[in-house]
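Q: Take a look at this one; I'll ask things after.
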Amino acid sequence: MPDMFVNLLKLPPVEPLIQKLREEGVVIRRAHPFEITPIRKFIETHFSTGWADEVTPCYARQPVTLFIALREGKVIGFAAYEATRRNFFGPTGVAEAERGKQIGKALLLACLHGMREMGYAYGIIGGVGPADFYARVAGATLIPDSSPGIYTDMIKDDEDNC
2 MPDMFVNLLK LPPVEPLIQK LREEGVVIRR AHPFEITPIR KFIETHFSTG
52 WADEVTPCYA RQPVTLFIAL REGKVIGFAA YEATRRNFFG PTGVAEAERG
102 KQIGKALLLA CLHGMREMGY AYGIIGGVGP ADFYARVAGA TLIPDSSPGI
152 YTDMIKDDED NC
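In my numbering, the protein residues as written are 2 to 163.
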């Protein structure tokens with residue numbers, strides 16, 4: 002899967018979307034380090050242990066570089082940046098029942114704005130799946146010859162394919 006490049010200086014605003022989702026019962030906010038266990042369980046249940054491992058460094062950063070989506074106090078989505086590498090967005094995911102409600106969009110934009118607040122002018126979305134989504138929401142473009150990128154020589158685990 003290729004990487005994508007995004008101009009962080011030309012992002013759409015995220016606050017109106019976060020407010021709209023709040024009115025619909027969805028809270029988008031930074032994770033707290035004392036919430037590692039329920040967030041990890043969500044990621045392992047809906048995605049993979051590899052992704053749960055991948056977001057671990059986010060809790061040690063200040064501010065925390067992991068955003069979560071909550072509905073009625075339950076985790077329904079997450080998005081990380083500065084997890085795998087500096088200036089990289091990902092991984093990210095939303096529970097299947099909650100997709101199509103702009104939650105992924107809000108999580109993505111919150112993270113990209115967080116990267117811009119750190120001083121980055123441009124960012125990398127690593128190993129993308131839904132390239133059309135990233136292009137539409139954030140104006141991201143594919144980076145030529147970027148596959149497999151940083152995700153090479155991966156450990157193979159029969160129980161959990163990252």
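In this text, a Cβ means the ideal position worked out from N, Cα and C, and glycines have one as well. A quick note: this is a predicted structure, and the numbers were derived from the prediction, not measured.
Let me know the secondary structure DSSP gives Val7 once reduced to three states.
A: To locate residue 7, count along the sequence shown from 1; it is residue 6. In the structure shown, Val7 sits in a strand (DSSP, three-state: E or B).
Q: Could you spell out the range, first to last residue, of the beta strand (DSSP E) harbouring Arg30?
A: As a first step, residue 30 must be located in the sequence shown, where it is residue number 29. Val27 to Arg31 is the extent of the beta strand (DSSP E) around Arg30.
Q: Could you name the residues that DSSP lists as bridge partners for Leu143?
A: As a first step, residue 143 is located in the sequence shown; it is residue number 142 there, counting from the start. According to DSSP, which records beta bridges pairwise, Leu143 is partnered with Met5.
Q: Which full runs of the beta strand (DSSP E) of 3+ residues lie inside the segment 85 to 152, going along the chain?
A: DSSP runs (the beta strand (DSSP E)) wholly in the segment 85 to 152: 89 to 95 and 123 to 126.
Q: Evaluate contact between the segment 104 to 111 and the segment 77 to 88, counting only Cβ atoms and requiring at least three cross-stretch pairs below 8 Å.
A: Yes: the two stretches touch, three or more of their Cβ pairs being nearer than 8 Å.
Q: Identify every residue that forms a DSSP beta bridge with Phe79.
A: In the sequence shown, counting from the first residue as 1, residue 79 sits at position 78. Paired residues: Ile69 and Gly94.
Q: Taking 8 Å as the cut-off, does the segment 3 to 20 touch the segment 137 to 152 (at least 3 CB pairs, one atom from each stretch)?
A: At 8 Å Cβ cutoff, the stretches touch.
Q: State the start and end residues of the unbroken alpha helix (DSSP H) segment that holds Ala53.
A: As a first step, residue 53 is located in the sequence shown; it is residue number 52 there, counting from the start. It spans Thr50 to Glu55 - the alpha helix (DSSP H) in which Ala53 sits, taken as one unbroken run.
Q: Tell me which same chain residues have a C-beta within less than 7 Å of the C-beta of Glu45, skipping the five on either side of it?
A: Reading the sequence shown from its first residue, position 44 is the one you call residue 45. Within the same chain, Glu45 has close Cβ partners Ala53.
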